[in-house]
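K.L.:
Take a look at this one; I'll ask things after.
Residue numbers (UniProt numbering): 1 to 92.
Next up, the structure:
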């Protein structure tokens, strides 16, 4: 599902809301998750899962085009762990 499909589904379920209101809610939802992760926090949605970040250490990589060795700096990457309810629904 892409963002526009999500907006359409939400509009179907909530016909009393205008499209721009639904879009604003979705924007706020994703912005808040991203902001919390950027601050190093964790976001848990009961029954769905938890978003957090993981630290990746600096390493040596390789440019696939030239074969040249490049240094890849340490970084944080997003991580998602599915909740129990969603795992059960997927494995019915």
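Backbone N, C-alpha and C define an ideal beta-carbon position, used for all residues, glycine too.
(1) With a threshold of 8 Å between beta-carbons, can residue 55 be considered close to chain D, or not?
(2) Helix, strand or coil for residue 92? Go by DSSP, reduced to three states.
(3) Rounded to whole angstroms, what is the Cα-Cα separation between residue 43 and residue 25?
(4) Between residue 45 and residue 9, what straight-line distance do the alpha-carbon atoms span, to the nearest angstrom?
(5) Measuring only the C-alpha atoms, how far is residue 91 from residue 81?
P.N.:
Per the coordinate set shown:
(1) Absent here is chain D; the protein component of the structure consists of one chain.
(2) When DSSP states are grouped into helix, strand and coil, residue 92 belongs to the coil group.
(3) In this structure, the alpha-carbon of residue 43 lies about 17 Å from that of residue 25.
(4) Distance between the alpha carbons of residue 45 and residue 9: 20 Å.
(5) Going by the C-alpha atoms only, they are around 16 Å apart.
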